[in-house]
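Trainee: The structure's right below; bear with me while I get my questions together.
Residue numbers (the working numbering): 2 to 508.
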């Protein structure tokens, strides 16, 4: 039994040994196969790299041959240019030598001519002295006296001729200057496209329907009274469909009223409180509007680096009228004329354009005690403008000495813009002056907060402070205002004076 177990184990071990031996043989065969394969692949790679190397070497040899050919061509070209330059230098040298020989010959001829001229001059002097002595013997005068007499006669003749010649030159220069000045002014006026002034004292606001007119009037007219009292304008509600008009001689008040009314119409809530709120907001928005209008004017003239304060003042000029001429449009027109004239005279057109635009900026500063020319010049200096610009603005009405030609250019351009046919209208300016006089008369009284002229100058509405004046004082103030208007204004149109004393209580 034990012998049999041992025998099976031996058999199993023998089988396992045989398998292990076979596996080793297989591994040896595989290793040899992989080694042969690797040697074949290595040989293939070596051949491929050798082919690439040969190809790269051939390419480099071709490039070197091409570069050698290029360098050889460049060298031959440089050699040819050098030979050409050498030939050119030799030709110039030959020409220089020829010119030098000619110059020597010319110098010799000139020396011969100089000697001959000196000899002839000496002979001429001798003949002149001999002739003078003969004249002296004939006339019985000394030679020096004859020469002095001849000198006086020649001098007298020369002075007479020079005087006539000077007069002719001056007259020709004056005529030429006048003609040139007329041409410059005519060209400048023809090249400028200007608009005729529009005498407009009203603004129109569209409304969505006719029912809005009743809401604008309000119960017993309280809304329209509140609107007119807050804005200082007259609201005209007539039969014109889908629109109402705002009337006022003051363009700023009219614009504030228009903005406020458009907001009220868009909102739909119309009462004294909302009217006052809309008017206050419109007045605040006017500052930004002034700036935008000024910036637009500066941009239209392509000017750079303008102080924001100056832009706001320019915008205010759009709501200022001079004999019914928009002052900002007049300033823009003057700037264009200044630029054209300066270009014709050879001056800096950009500086002339700035001077023309800023020349009436002082009119936007009504609180200044100075004239508009001096006030504008002072504001420009504070805003960083140059001395040339400020001096021309200050001198354009002769209030200061002009320090540059730009002041004269500004005076001419300002006159052209203001005096051209149709530029200004005296009738409207007289009406506005009368309206301002009425408002000033009322504003001078104590206790008066504001005064507005309505109904085309037929009504003067005065707002007084309830704390400063009583009802009796308000009635007396109305009579005093009427009396002062009769004494000072000389107004032939009847004016209705309405004094309003209103006190509000809010709990």
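We treat Cβ as the ideally placed atom computed from N, Cα and C, and that holds for glycine.
1. Looking at C-alpha atoms only, which residue of 402, 288, 451 and 8 is the closest neighbour of residue 233?
2. Should residue 341 go down as buried or exposed, given a rule of 16 or more other Cβ atoms within 10 Å for buried?
3. Leaving out five residues on either side along the sequence, give the residues of the same chain with a beta carbon under 7 Å from the beta carbon of residue 344.
4. Give me the DSSP bridge partner(s) of residue 1.
5. Can we say the segment 392–402 touches the segment 309–321, given the rule of at least three CB pairs closer than 8 Å?
6. Quick one: measure Cβ to Cβ for residue 229 and residue 235, integer angstroms, because I've assumed they're closer than 8 Å.
7. Helix, strand or coil: how does DSSP classify residue 338 here?
8. Where does the unbroken alpha helix (DSSP H) through residue 362 begin, and where does it stop?
9. Give a yes or no on whether the C-beta atoms belonging to residue 391 and residue 381 are separated by under 8 Å.
10. Rounded C-beta distance between residue 499 and residue 462? I'm assuming under 8 Å.
11. For the candidate residues 441, 433, 361 and 208, whose alpha-carbon lies nearest to that of residue 416?
12. By the DSSP assignment, the beta strand (DSSP E) with residue 502 in it spans what residues?
13. Which partner residues does residue 246 have in the DSSP bridge list?
14. For residue 296, which residues of its own chain have a beta-carbon under 7 Å away from its beta-carbon, when the five flanking residues on both sides are left out?
15. Just how far apart, CA to CA, sit residue 372 and residue 346?
16. Compare the beta carbon distance of residue 266 and residue 208 with 8 Å and say whether it is the shorter of the two.
17. Under the assumption that residue 338 contacts residue 414 (Cβ atoms under 8 Å), give the Cβ distance between them as a whole number of angstroms.
18. When you compare each of 389, 467, 443 and 47 to residue 482 by their alpha carbons, which one comes out closest?
19. Which stretch, first to last residue, makes up the alpha helix (DSSP H) that contains residue 273?
20. So, at 6 Å on beta carbons, what are the nonlocal neighbours of residue 314 in its own chain, with the 5 sequence-adjacent residues on each side left out?
21. DSSP three-state call for residue 544: helix, strand or coil?
22. Does the beta-carbon of residue 334 have 16 or more other beta-carbons within 10 angstroms, so that it is buried, or is it exposed?
23. From residue 259 to residue 277, what distance separates their C-alpha atoms?
24. Give me the residue from 253, 280, 303 and 357 with the minimum Cα distance to residue 316.
25. For residue 455, I'd like the list of residues in its chain whose CB is within less than 7 Å of its CB, leaving aside the five on either flank, ordered along the chain.
26. What residue range is occupied by the uninterrupted alpha helix (DSSP H) comprising residue 560?
27. Does residue 354 pass the burial test, meaning 16 or more other C-beta atoms within 10 Å, or should it be called exposed?
28. Whose CA, out of 223, 220, 226 and 248, lies closest to the CA of residue 206?
29. Rounded to the nearest angstrom, what separates residue 434 and residue 167 at their Cα positions?
30. From residue 250 to residue 436, what distance separates their C-alpha atoms?
31. Could you tell me the distance, in whole angstroms, from the CA atom of residue 367 to the CA atom of residue 377?
32. Might you give, ordered along the chain, the residues of its own chain that have their beta carbon closer than 7 Å to the beta carbon of residue 19, omitting 5 neighbours on each side?
33. I'd like to confirm the pairing. Which residues does DSSP put opposite residue 322 in its beta bridges?
34. For residue 68, which of helix, strand or coil comes out of DSSP?
Mentor: With the structure as the only source:
1. Position 232 of the chain shown, counted from the start, is the residue given in the question as residue 233. The candidate whose alpha carbon is nearest that of residue 233 is 451.
2. Here residue 341 is taken as the residue at index 340 of the chain shown, counted from 1. The residue in question, residue 341, is buried, as its Cβ has 16 or more Cβ neighbours within 10 Å.
3. Taking the chain shown and counting its residues from 1, one reaches residue 344 at position 343. Excluding sequence neighbours, residue 344 sits near 350.
4. Within the shown structure, residues of the chain are numbered from 2 to 508, placing residue 1 beyond reach of any answer.
5. no
6. Within the chain shown, residue 229 is the residue found at index 228, counting from 1. Within the chain shown, residue 235 is the residue found at index 234, counting from 1. Yes, they are in contact, since the Cβ atoms of residue 229 and residue 235 sit about 6 Å apart, within 8 Å.
7. The sequence position of residue 338 within the chain shown is 337, counting from 1. It is helical.
8. In the chain shown, residue 362 corresponds to position 361, counting from 1. Neither: residue 362 is in no alpha helix (DSSP H) and is coded neither H nor E.
9. Residue mapping note: residue 391 aligns to position 390 of the chain shown, counting from 1. Residue mapping note: residue 381 aligns to position 380 of the chain shown, counting from 1. Yes. Within cutoff.
10. Locating residue 499 in the chain shown gives position 498, where the first residue counts as 1. Locating residue 462 in the chain shown gives position 461, where the first residue counts as 1. About 5 Å; that satisfies the 8 Å criterion.
11. In the chain shown, the residue the question calls residue 416 occupies position 415. When each option's Cα is compared against that of residue 416, the closest is 361.
12. Taking the first residue of the chain shown as 1, we reach residue 502 at position 501. 497–502 is the span of the beta strand (DSSP E), which, as asked, contains residue 502.
13. As a working mapping, residue 246 is identified with position 245 in the chain shown. According to DSSP, which records beta bridges pairwise, residue 246 is partnered with 205 and 237.
14. Taking the first residue of the chain shown as 1, we reach residue 296 at position 295. Contacts found: 312.
15. What you label residue 372 is simply residue 371 of the chain shown in a count that begins at 1. What you label residue 346 is simply residue 345 of the chain shown in a count that begins at 1. If I take the Cα positions, the gap works out to 30 Å.
16. Sequence index remark: in the chain shown, residue 266 carries index 265 (1-based). Sequence index remark: in the chain shown, residue 208 carries index 207 (1-based). Against a cut-off of 8 Å, the Cβ pair of residue 208 and residue 266 comes out as a contact.
17. By 1-based counting over the chain shown, the position of residue 338 is 337. By 1-based counting over the chain shown, the position of residue 414 is 413. Between residue 414 and residue 338 the Cβ distance is about 4 Å, and since that is below 8 Å, they are a contact.
18. Numbered from its first residue, the chain shown carries residue 482 at position 481. Residue 482 has its Cα closest to that of 443, out of 389, 467, 443 and 47.
19. The sequence position of residue 273 within the chain shown is 272, counting from 1. Residues 273–301.
20. Numbered from its first residue, the chain shown carries residue 314 at position 313. Apart from sequence neighbours up to five positions away, the residues of its chain that approach residue 314 with a beta-carbon distance below 6 Å are 362 and 365, ordered along the chain.
21. Because the chain spans 2 through 508 in this model, residue 544 falls outside it and cannot be assessed.
22. Numbered from its first residue, the chain shown carries residue 334 at position 333. Buried, because 16 or more other Cβ atoms sit within 10 Å of the Cβ of residue 334.
23. For this step, residue 259 is matched to residue 258 along the chain shown. For this step, residue 277 is matched to residue 276 along the chain shown. If I take the Cα positions, the gap works out to 14 Å.
24. If you number the chain shown from 1, residue 316 lands on position 315. Taking only the C-alpha atoms, the option nearest residue 316 is 253.
25. Your numbering for residue 455 matches position 454 in the chain shown. Here the set comprises 229, 235 and 462.
26. No information on residue 560 is available, as it lies outside the stretch 2 to 508 that the chain covers here.
27. Taking the first residue of the chain shown as 1, we reach residue 354 at position 353. Buried, because 16 or more other Cβ atoms sit within 10 Å of the Cβ of residue 354.
28. Locating residue 206 in the chain shown gives position 205, where the first residue counts as 1. Nearest C-alpha to residue 206: 248.
29. As a working mapping, residue 434 is identified with position 433 in the chain shown. As a working mapping, residue 167 is identified with position 166 in the chain shown. Straight-line Cα distance between these residues: approximately 54 Å.
30. By 1-based counting over the chain shown, the position of residue 250 is 249. By 1-based counting over the chain shown, the position of residue 436 is 435. If you take the alpha carbons of residue 250 and residue 436, they lie about 8 Å apart.
31. The residue labelled residue 367 in the question sits at position 366 within the chain shown. The residue labelled residue 377 in the question sits at position 376 within the chain shown. Cα-Cα distance, rounded: 11 Å.
32. The residue you call residue 19 lines up with position 18 of the chain shown. Within the same chain, residue 19 has no close Cβ partners at all.
33. Along the chain shown, one-based indexing puts residue 322 at 321. Residue 322 pairs with 327.
34. As a working note, residue 68 is residue 67 in the chain shown. If DSSP states are grouped into helix, strand and coil, residue 68 belongs with the helices.
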